[in-house]
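In the working numbering, the protein residues as written are 140 to 460.
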(Lines of atoms letter the chains of each structure in order from A; the text may use other names.)
(Lines give C-alpha, C1' and ligand atoms only; values in the text may rest on other atoms or scores of the structure.)
Protein backbone atom coordinates (compact mmCIF):
# COMPACT_ATOMS: atom_id res chain seq x y z
CA UNK A 140 0.00 0.00 0.00
CA UNK A 141 1.06 3.63 -0.50
CA UNK A 142 2.70 4.78 2.72
CA UNK A 143 1.55 8.36 2.06
CA UNK A 144 -2.15 7.41 2.00
CA UNK A 145 -4.03 9.15 4.83
CA UNK A 146 -4.78 6.69 7.63
CA UNK A 147 -6.52 7.19 10.93
CA UNK A 148 -5.38 5.04 13.84
CA UNK A 149 -7.53 4.87 16.98
CA UNK A 150 -5.83 3.84 20.23
CA UNK A 151 -8.13 2.68 23.01
CA UNK A 152 -7.22 2.00 26.63
CA UNK A 153 -9.57 2.37 29.57
CA UNK A 154 -6.63 3.92 31.40
CA UNK A 155 -6.33 7.45 29.99
CA UNK A 156 -2.64 7.77 30.84
CA UNK A 157 -1.75 4.50 29.10
CA UNK A 158 -3.83 5.44 26.04
CA UNK A 159 -1.88 8.69 25.65
CA UNK A 160 1.47 6.95 26.23
CA UNK A 161 0.75 4.48 23.44
CA UNK A 162 -0.58 7.21 21.12
CA UNK A 163 2.57 9.23 21.63
CA UNK A 164 4.84 6.29 20.80
CA UNK A 165 2.92 5.45 17.63
CA UNK A 166 2.63 9.06 16.45
CA UNK A 167 6.34 9.66 17.01
CA UNK A 168 7.26 6.66 14.88
CA UNK A 169 4.65 7.35 12.16
CA UNK A 170 4.19 11.13 11.84
CA UNK A 171 2.34 10.64 8.54
CA UNK A 172 -0.58 8.97 10.36
CA UNK A 173 -3.45 10.56 12.24
CA UNK A 174 -3.25 8.89 15.65
CA UNK A 175 -5.96 9.50 18.23
CA UNK A 176 -6.30 8.13 21.75
CA UNK A 177 -9.50 7.62 23.73
CA UNK A 178 -10.32 5.94 27.01
CA UNK A 179 -14.10 6.19 27.19
CA UNK A 180 -16.83 4.44 25.23
CA UNK A 181 -18.48 7.69 24.21
CA UNK A 182 -15.29 9.00 22.64
CA UNK A 183 -14.75 5.69 20.83
CA UNK A 184 -18.30 5.84 19.45
CA UNK A 185 -17.61 9.26 17.98
CA UNK A 186 -14.46 8.14 16.16
CA UNK A 187 -14.92 4.46 15.30
CA UNK A 188 -16.51 5.02 11.89
CA UNK A 189 -13.48 6.97 10.64
CA UNK A 190 -10.80 4.56 11.90
CA UNK A 191 -8.73 2.55 9.43
CA UNK A 192 -6.84 0.83 12.25
CA UNK A 193 -7.92 0.28 15.84
CA UNK A 194 -5.54 -0.91 18.54
CA UNK A 195 -6.92 -1.39 21.99
CA UNK A 196 -7.37 -3.15 25.29
CA UNK A 197 -10.91 -3.44 26.57
CA UNK A 198 -12.36 -1.93 23.38
CA UNK A 199 -16.20 -2.20 23.31
CA UNK A 200 -16.50 -4.99 20.73
CA UNK A 201 -20.07 -4.10 19.74
CA UNK A 202 -18.73 -0.87 18.24
CA UNK A 203 -16.71 -2.82 15.68
CA UNK A 204 -19.91 -3.39 13.71
CA UNK A 205 -19.87 0.35 12.94
CA UNK A 206 -16.21 0.45 11.87
CA UNK A 207 -16.98 0.72 8.16
CA UNK A 208 -13.42 1.70 7.17
CA UNK A 209 -11.62 -0.71 9.47
CA UNK A 210 -8.88 -2.78 7.87
CA UNK A 211 -7.02 -3.99 10.93
CA UNK A 212 -7.90 -4.47 14.61
CA UNK A 213 -5.06 -5.14 17.03
CA UNK A 214 -5.54 -6.14 20.64
CA UNK A 215 -2.95 -5.25 23.27
CA UNK A 216 -3.30 -8.69 24.84
CA UNK A 217 -2.46 -12.29 24.05
CA UNK A 218 -6.10 -13.41 24.35
CA UNK A 219 -8.71 -12.30 21.80
CA UNK A 220 -11.68 -14.42 22.89
CA UNK A 221 -13.91 -11.37 23.47
CA UNK A 222 -13.38 -10.09 19.92
CA UNK A 223 -13.88 -13.52 18.36
CA UNK A 224 -17.01 -14.26 20.41
CA UNK A 225 -18.59 -10.89 19.58
CA UNK A 226 -18.57 -11.67 15.87
CA UNK A 227 -18.66 -7.94 15.03
CA UNK A 228 -15.31 -7.61 13.27
CA UNK A 229 -15.96 -6.31 9.74
CA UNK A 230 -15.24 -8.95 7.07
CA UNK A 231 -12.52 -6.87 5.42
CA UNK A 232 -10.56 -6.43 8.67
CA UNK A 233 -7.78 -8.64 9.97
CA UNK A 234 -7.34 -9.34 13.69
CA UNK A 235 -3.97 -9.52 15.40
CA UNK A 236 -2.95 -10.10 18.99
CA UNK A 237 0.11 -9.15 21.01
CA UNK A 238 2.97 -11.62 20.97
CA UNK A 239 2.76 -13.63 24.19
CA UNK A 240 6.47 -13.14 24.75
CA UNK A 241 5.69 -9.54 25.74
CA UNK A 242 3.86 -10.91 28.78
CA UNK A 243 5.66 -14.23 29.07
CA UNK A 244 8.60 -13.30 31.26
CA UNK A 245 6.44 -11.57 33.87
CA UNK A 246 3.76 -14.28 33.78
CA UNK A 247 6.38 -17.02 34.12
CA UNK A 248 7.83 -15.29 37.17
CA UNK A 249 4.31 -14.98 38.60
CA UNK A 250 3.77 -18.74 38.20
CA UNK A 251 7.12 -19.60 39.77
CA UNK A 252 6.47 -17.17 42.63
CA UNK A 253 3.17 -18.80 43.57
CA UNK A 254 4.50 -22.34 43.22
CA UNK A 255 7.25 -21.32 45.64
CA UNK A 256 4.70 -19.64 47.90
CA UNK A 257 2.82 -22.93 48.05
CA UNK A 258 5.87 -25.13 48.56
CA UNK A 259 7.13 -22.83 51.34
CA UNK A 260 3.59 -22.41 52.74
CA UNK A 261 3.83 -18.63 52.74
CA UNK A 262 0.11 -18.16 53.57
CA UNK A 263 0.61 -20.12 56.81
CA UNK A 264 3.69 -18.07 57.66
CA UNK A 265 1.72 -14.84 57.18
CA UNK A 266 -1.12 -16.11 59.37
CA UNK A 267 1.34 -17.08 62.12
CA UNK A 268 3.04 -13.70 61.88
CA UNK A 269 -0.30 -11.89 62.18
CA UNK A 270 -0.94 -13.97 65.34
CA UNK A 271 2.66 -13.46 66.66
CA UNK A 272 2.93 -17.23 66.84
CA UNK A 273 6.38 -18.91 66.69
CA UNK A 274 5.80 -22.42 65.35
CA UNK A 275 8.31 -23.96 62.92
CA UNK A 276 6.99 -26.48 60.38
CA UNK A 277 8.32 -28.57 57.52
CA UNK A 278 8.12 -27.16 53.99
CA UNK A 279 8.69 -28.81 50.61
CA UNK A 280 10.80 -28.10 47.53
CA UNK A 281 9.98 -27.65 43.87
CA UNK A 282 12.98 -29.69 42.75
CA UNK A 283 11.83 -33.11 41.63
CA UNK A 284 8.15 -32.14 41.60
CA UNK A 285 6.11 -32.47 38.42
CA UNK A 286 4.51 -29.41 36.88
CA UNK A 287 2.06 -29.80 34.03
CA UNK A 288 1.53 -26.83 31.76
CA UNK A 289 -1.75 -26.74 29.84
CA UNK A 290 -1.11 -24.43 26.92
CA UNK A 291 2.31 -24.33 25.27
CA UNK A 292 2.27 -21.08 23.35
CA UNK A 293 4.74 -18.25 23.88
CA UNK A 294 3.80 -17.78 27.55
CA UNK A 295 3.71 -21.48 28.35
CA UNK A 296 7.19 -21.97 26.92
CA UNK A 297 8.56 -19.18 29.11
CA UNK A 298 7.17 -21.05 32.13
CA UNK A 299 8.77 -24.28 30.89
CA UNK A 300 12.23 -22.70 30.86
CA UNK A 301 11.98 -21.36 34.39
CA UNK A 302 10.44 -24.50 35.88
CA UNK A 303 13.14 -26.65 34.29
CA UNK A 304 15.81 -24.34 35.76
CA UNK A 305 14.43 -25.24 39.21
CA UNK A 306 14.91 -28.94 38.43
CA UNK A 307 11.21 -29.59 38.11
CA UNK A 308 9.90 -32.34 35.87
CA UNK A 309 7.91 -30.57 33.15
CA UNK A 310 4.96 -32.06 31.26
CA UNK A 311 2.82 -30.32 28.68
CA UNK A 312 -0.63 -30.55 27.14
CA UNK A 313 -2.12 -28.80 24.16
CA UNK A 314 -4.60 -29.28 21.34
CA UNK A 315 -2.16 -30.77 18.83
CA UNK A 316 0.85 -33.04 19.12
CA UNK A 317 4.44 -31.85 18.81
CA UNK A 318 7.59 -31.65 20.90
CA UNK A 319 8.46 -28.57 22.94
CA UNK A 320 12.03 -27.92 24.17
CA UNK A 321 12.36 -28.54 27.90
CA UNK A 322 9.17 -30.61 28.16
CA UNK A 323 9.82 -34.20 29.17
CA UNK A 324 6.57 -35.47 27.67
CA UNK A 325 3.84 -33.82 25.63
CA UNK A 326 0.20 -34.87 25.77
CA UNK A 327 -2.30 -33.82 23.13
CA UNK A 328 -6.05 -33.78 22.62
CA UNK A 329 -8.96 -34.62 24.88
CA UNK A 330 -8.10 -38.31 24.86
CA UNK A 331 -4.82 -37.65 26.73
CA UNK A 332 -6.00 -34.79 28.93
CA UNK A 333 -6.91 -36.75 32.05
CA UNK A 334 -3.76 -38.88 31.81
CA UNK A 335 -1.75 -35.66 31.72
CA UNK A 336 -3.51 -34.24 34.80
CA UNK A 337 -2.92 -37.41 36.78
CA UNK A 338 0.86 -37.04 36.56
CA UNK A 339 1.16 -33.57 38.07
CA UNK A 340 1.89 -32.04 41.47
CA UNK A 341 1.22 -28.59 40.00
CA UNK A 342 -1.10 -27.78 37.10
CA UNK A 343 -0.63 -24.42 35.37
CA UNK A 344 -3.38 -23.24 33.02
CA UNK A 345 -2.24 -20.94 30.20
CA UNK A 346 -4.97 -21.80 27.70
CA UNK A 347 -6.86 -19.34 25.50
CA UNK A 348 -10.64 -19.31 25.72
CA UNK A 349 -12.14 -21.06 22.71
CA UNK A 350 -15.14 -23.32 22.10
CA UNK A 351 -12.79 -26.26 22.68
CA UNK A 352 -11.38 -25.02 26.00
CA UNK A 353 -14.46 -23.45 27.64
CA UNK A 354 -15.28 -25.49 30.75
CA UNK A 355 -12.45 -27.94 30.05
CA UNK A 356 -11.59 -28.23 33.75
CA UNK A 357 -14.74 -29.87 35.09
CA UNK A 358 -15.47 -32.37 37.86
CA UNK A 359 -14.00 -35.24 35.84
CA UNK A 360 -10.80 -33.27 35.24
CA UNK A 361 -10.32 -32.54 38.93
CA UNK A 362 -11.12 -36.17 39.79
CA UNK A 363 -8.30 -37.23 37.44
CA UNK A 364 -5.73 -35.17 39.36
CA UNK A 365 -3.55 -36.47 42.15
CA UNK A 366 -4.74 -35.78 45.67
CA UNK A 367 -3.04 -32.59 46.84
CA UNK A 368 -2.44 -31.06 43.41
CA UNK A 369 -1.96 -27.29 43.34
CA UNK A 370 -3.60 -25.30 40.52
CA UNK A 371 -2.56 -21.97 38.99
CA UNK A 372 -4.70 -20.24 36.34
CA UNK A 373 -3.22 -17.39 34.31
CA UNK A 374 -5.12 -18.22 31.11
CA UNK A 375 -8.82 -17.41 31.02
CA UNK A 376 -11.38 -17.83 33.80
CA UNK A 377 -14.10 -19.73 31.88
CA UNK A 378 -11.63 -22.48 30.94
CA UNK A 379 -12.32 -23.71 34.49
CA UNK A 380 -15.80 -24.50 35.76
CA UNK A 381 -15.75 -22.51 38.99
CA UNK A 382 -18.29 -24.63 40.84
CA UNK A 383 -16.29 -27.76 40.05
CA UNK A 384 -13.14 -26.04 41.28
CA UNK A 385 -14.87 -24.99 44.49
CA UNK A 386 -15.91 -28.60 45.11
CA UNK A 387 -12.35 -29.84 44.53
CA UNK A 388 -10.94 -27.22 46.91
CA UNK A 389 -13.53 -27.73 49.63
CA UNK A 390 -13.17 -31.52 49.54
CA UNK A 391 -9.38 -31.36 49.85
CA UNK A 392 -8.85 -32.99 46.47
CA UNK A 393 -6.79 -29.95 45.56
CA UNK A 394 -4.32 -28.55 48.06
CA UNK A 395 -5.06 -25.06 46.85
CA UNK A 396 -5.08 -22.66 43.94
CA UNK A 397 -3.74 -19.32 42.79
CA UNK A 398 -6.22 -17.64 40.46
CA UNK A 399 -5.56 -14.55 38.36
CA UNK A 400 -8.57 -14.85 36.03
CA UNK A 401 -12.25 -15.51 36.68
CA UNK A 402 -15.64 -15.98 35.04
CA UNK A 403 -16.65 -12.49 36.15
CA UNK A 404 -14.12 -9.70 36.63
CA UNK A 405 -13.78 -7.93 38.97
CA UNK A 406 -14.45 -10.94 41.18
CA UNK A 407 -17.72 -10.24 43.10
CA UNK A 408 -17.19 -9.33 46.75
CA UNK A 409 -19.39 -12.22 47.92
CA UNK A 410 -17.54 -14.88 45.92
CA UNK A 411 -16.35 -17.83 48.06
CA UNK A 412 -12.80 -17.61 46.67
CA UNK A 413 -12.18 -14.48 48.75
CA UNK A 414 -12.78 -16.37 52.00
CA UNK A 415 -10.87 -19.59 51.32
CA UNK A 416 -7.56 -20.04 53.13
CA UNK A 417 -6.24 -22.33 50.38
CA UNK A 418 -6.95 -19.87 47.55
CA UNK A 419 -4.90 -16.85 46.53
CA UNK A 420 -6.81 -14.30 44.45
CA UNK A 421 -4.96 -11.77 42.29
CA UNK A 422 -6.77 -9.13 40.18
CA UNK A 423 -5.80 -10.20 36.64
CA UNK A 424 -2.29 -8.82 37.06
CA UNK A 425 0.05 -11.69 36.16
CA UNK A 426 1.19 -10.05 32.92
CA UNK A 427 1.63 -6.31 33.53
CA UNK A 428 3.50 -4.29 30.92
CA UNK A 429 4.85 -0.83 30.38
CA UNK A 430 3.74 1.16 27.34
CA UNK A 431 6.96 0.61 25.39
CA UNK A 432 6.73 -3.18 25.78
CA UNK A 433 3.15 -3.53 24.64
CA UNK A 434 3.48 -1.00 21.81
CA UNK A 435 6.62 -2.43 20.18
CA UNK A 436 4.87 -5.39 18.44
CA UNK A 437 2.15 -3.05 17.16
CA UNK A 438 4.74 -0.68 15.72
CA UNK A 439 6.51 -3.59 14.04
CA UNK A 440 3.23 -4.72 12.52
CA UNK A 441 2.36 -1.17 11.43
CA UNK A 442 5.57 -1.08 9.44
CA UNK A 443 4.48 -4.30 7.74
CA UNK A 444 0.96 -2.97 7.20
CA UNK A 445 2.21 0.20 5.51
CA UNK A 446 4.53 -1.86 3.32
CA UNK A 447 1.75 -4.24 2.29
CA UNK A 448 3.36 -7.24 3.98
CA UNK A 449 1.55 -9.95 5.99
CA UNK A 450 0.98 -9.05 9.63
CA UNK A 451 2.47 -11.06 12.48
CA UNK A 452 0.28 -12.83 15.05
CA UNK A 453 -2.83 -12.86 12.86
CA UNK A 454 -5.72 -14.65 14.54
CA UNK A 455 -7.54 -17.54 12.90
CA UNK A 456 -11.14 -16.63 13.66
CA UNK A 457 -12.26 -20.24 13.33
CA UNK A 458 -9.75 -21.53 15.88
CA UNK A 459 -10.01 -18.48 18.11
CA UNK A 460 -6.27 -17.81 18.44
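Backbone N, C-alpha and C fix where the C-beta goes; we use that ideal spot for every residue, glycine too.
Note that the structure is a prediction, hence the values are computed from the model and not measured.
Item	Value
Test item: CB-CB of residue 313 and residue 351 under 8 Å	no
Simplified DSSP assignment, three categories, for residue 443	helix
DSSP bridge partner residues for residue 327 (one or two, in chain order)	313
Three-state secondary structure assigned by DSSP to residue 385	helix
Helix, strand or coil at residue 333 according to DSSP, with G and I counted as helix	helix
Opposing strand residues paired with residue 149 [DSSP bridges]	175, 193
Helix, strand or coil at residue 140 according to DSSP, with G and I counted as helix	The predicted position of residue 140 is uncertain, since its pLDDT is 46 and thus under 50; no value can be drawn from it.
Residues of its chain near residue 346, where Cβ-Cβ distance is below 6 Å and the 5 sequence neighbours each way are ignored	289, 290, 352, 374, 378
Residue span of the alpha helix (DSSP H) that contains residue 290, given as start and end	Premise fails: residue 290 is in no alpha helix (DSSP H) and is neither H nor E.
Below-8 Å beta-carbon distance, residue 218 vs any chain C residue	Absent from the structure: chain C. Only one protein chain is present.
Inter-stretch contact (C-beta, 8 Å, three-pair minimum) for the stretch 167-178 and the stretch 214-222	no
Given 8 Å, three or more beta-carbon pairs between the stretch 233-245 and the stretch 424-433	yes
Sub-8 Å separation of residue 195 and residue 150 beta-carbons	yes
Ranges of the beta strand (DSSP E) found wholly within the stretch 337-387, counting only runs of at least 3	341-344, 368-372
Residue 236 in three-state terms, based on DSSP	strand
Close-in-space but distant-in-sequence residues of the same chain around residue 321 (CB under 7 Å, 5 per side omitted)	299, 300, 303, 309
Rounded separation between residue 204 and residue 231 - CA only	12 Å
Three-way DSSP call (helix, strand, coil) for residue 296 in this model	helix
Buried or exposed (CB count within 10 angstroms, at least 16 for buried), residue 367	exposed
Sequence-distant residues of the same chain with beta carbon closer than 8 Å to residue 325, five excluded per side	291, 310, 311, 312, 313, 316, 317, 318, 319
Straight-line gap, residue 386 to residue 444 (C-alpha atoms, nearest Å)	49 Å
Environment of residue 400 [buried if 16+ CB atoms lie within 10 Å]	buried
Counted within 10 angstroms of its Cβ, other Cβ atoms place residue 413 as buried (16 or more) or exposed	exposed
Those residues which DSSP pairs with residue 211 across a bridge	192, 233
Assumed close pair residue 147, residue 190 - CB separation to whole angstroms, cut-off 8 Å	5 Å
Whole-angstrom distance between residue 384 and residue 340, CA atom to CA atom	16 Å
With 16 other Cβ atoms within 10 Å as the buried cut-off, status of residue 156	exposed
Burial state of residue 425, where buried means 16 or more other Cβ atoms lie within 10 Å	buried
Neighbourhood of residue 295 by C-beta, 6 Å cutoff - its chain only, sequence neighbours within 5 removed	288, 345
Whole-angstrom C-beta distance between residue 213 and residue 235, which should lie under 8 Å	5 Å
Proximal residues to residue 394 (C-beta, below 6 Å), its chain only, five neighbours per side dropped	367, 369
Per DSSP, cross-strand counterpart(s) of residue 397	371, 419
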